[in-house]
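**Q** Please find one structure pasted underneath; my questions will follow.
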Amino acid sequence: MQKLSASQKGWTGIVIALWIIALVAMMFLMPKSSSSKNAAGEPTPVSEADASGSLVSTLEEMEPSTSDAVAAEVIDLRYVYGEDITAFIPLCKEEPQELIDAKLKAAESVKDQIDLESGNSYVLLTSDVEKGFEAVDTIPNDVMDLCNGNYFNQYVSTENGFPVHWDGGKWRFGPRVQ
1 MQKLSASQKG WTGIVIALWI IALVAMMFLM PKSSSSKNAA GEPTPVSEAD ASGSLVSTLE
61 EMEPSTSDAV AAEVIDLRYV YGEDITAFIP LCKEEPQELI DAKLKAAESV KDQIDLESGN
121 SYVLLTSDVE KGFEAVDTIP NDVMDLCNGN YFNQYVSTEN GFPVHWDGGK WRFGPRVQ
C-alpha cells in the first residue's frame, strides 16, 4: 500500500469533499429531466399524474425543438386536463360563424367564460360528449395559434395526440409544414 505525505492526504481529502459536494448539488439543485417520470424513470401513468389543467402552463414548461427534422411535438392532453376529461374541441375567432354558433350552443353552461373579441382562443372540454361542454381553457393568441387555419366540427378524444410546433415566437397547432 502506498503511503501519502501530509500534503497529499490534505489534497486527497479536498478532492473527495468537492466530489461529494458536486454529487449532492446534482441530486438536489439541478432540475429534474422530466416531471412526468416516476422514480424508475418510466412515464407516470395518467391515473397517477397531476393534471395542470392548463395548456398554456404545459406549453410554458416545454422547450421548442431546434432541429429542422422535428415537425411537431405531441402533447397527451390527458396529462394536461386529467383523465376525467375525455374530449375537447378548439374554438377560434377566425372559424366560420355557423361553426362558432354551433360550438357556443353546445357550450351553453360555460358560454359566459368565452369572449372571442378578447384576443383569446378556447379549448372547450367535456367528460361526456352527450352532456356538452363543462369547462373552458383560455389560450391567449400571443401564446398559441390554437386553430392555425384548421377548423374542428367534431369532438376530439383527449387520447389522441395534440401536435404543436414552435414558429414565429409562439406555439402553433399541428405539424410544421415547409
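Just so we're aligned: the sequence shown equals residues 1 to 178 in full-length UniProt numbering.
The C-beta atom is built at its ideal place from N, Cα and C for all residues, glycine as well.
Source: prediction; values computed, not measured.
Going straight from the alpha carbon of Ile89 to that of Tyr155, what length do you get?
**A** By one-based count along the sequence shown, residue 89 stands at place 89. By one-based count along the sequence shown, residue 155 stands at place 155. If you take the alpha carbons of Ile89 and Tyr155, they lie about 5 Å apart.
**Q** Between which residues of its own chain and Ala71 is the CB-CB distance below 7 Å, once the five residues before and five after are set aside?
**A** As a first step, residue 71 must be located in the sequence shown, where it is residue number 71. Around Ala71: His165, Pro175 and Arg176.
**Q** If you pair each beta-carbon of the region 61-71 with each one of the region 91-105, do three or more pairs fall below 8 Å?
**A** Contact fails: fewer than three Cβ-Cβ distances are below 8 Å.
**Q** Cβ of Leu55 within 8 Å of Cβ of Val123?
**A** As a position in the sequence shown, residue 55 is number 55, starting the count at 1. As a position in the sequence shown, residue 123 is number 123, starting the count at 1. Yes, Cβ-Cβ distance for Leu55 and Val123 is below 8 Å.
**Q** With a floor of 3 residues, list each beta strand (DSSP E) that falls wholly inside the region 60-147, ordered by position along the chain.
**A** The qualifying runs are 73-76, 87-91, 120-126 and 135-140.
**Q** Using CA atoms only, rank isn't needed, just tell me which of Leu59, Met27 and Asp128 is closest to Asp142.
**A** For the purposes of this step, residue 142 is identified with residue 142 of the sequence shown, where counting begins at 1. Checked all of Leu59, Met27 and Asp128; the closest Cα to Asp142 is Leu59.
**Q** Counting along the chain, where does the alpha helix (DSSP H) carrying Lys170 start and finish?
**A** Taking the sequence shown and counting its residues from 1, the one referred to as residue 170 is at position 170. Premise fails: Lys170 lies in the beta strand (DSSP E), Lys170 to Phe173, not in any alpha helix (DSSP H).
**Q** Just curious, the beta strand (DSSP E) that Val164 is in, first and last residue?
**A** One-based indexing of the sequence shown puts residue 164 at position 164. Per DSSP, Val164 belongs to the beta strand (DSSP E) from Gly161 to Asp167.
**Q** Do Thr44 and Thr86 have their C-beta atoms within less than 8 Å of each other?
**A** Taking the first residue of the sequence shown as position 1, residue 44 is located at position 44. Taking the first residue of the sequence shown as position 1, residue 86 is located at position 86. Not a contact, by the Cβ cut-off of 8 Å.
**Q** Determine the closest residue to Ser57 out of Glu73, Cys147, Met27 and Thr138, with distance taken between C-alpha atoms.
**A** Walking along the sequence shown from the start, residue 57 turns up at place 57. Residue Thr138 is the option with its Cα nearest to Ser57.
**Q** Rounded to whole angstroms, how far is the Cβ of Leu77 from the Cβ of Phe162, which I believe are closer than 8 Å?
**A** Locating residue 77 in the sequence shown gives position 77, counting from the first residue. Locating residue 162 in the sequence shown gives position 162, counting from the first residue. With a Cβ gap of about 5 Å, Leu77 and Phe162 count as contacting.
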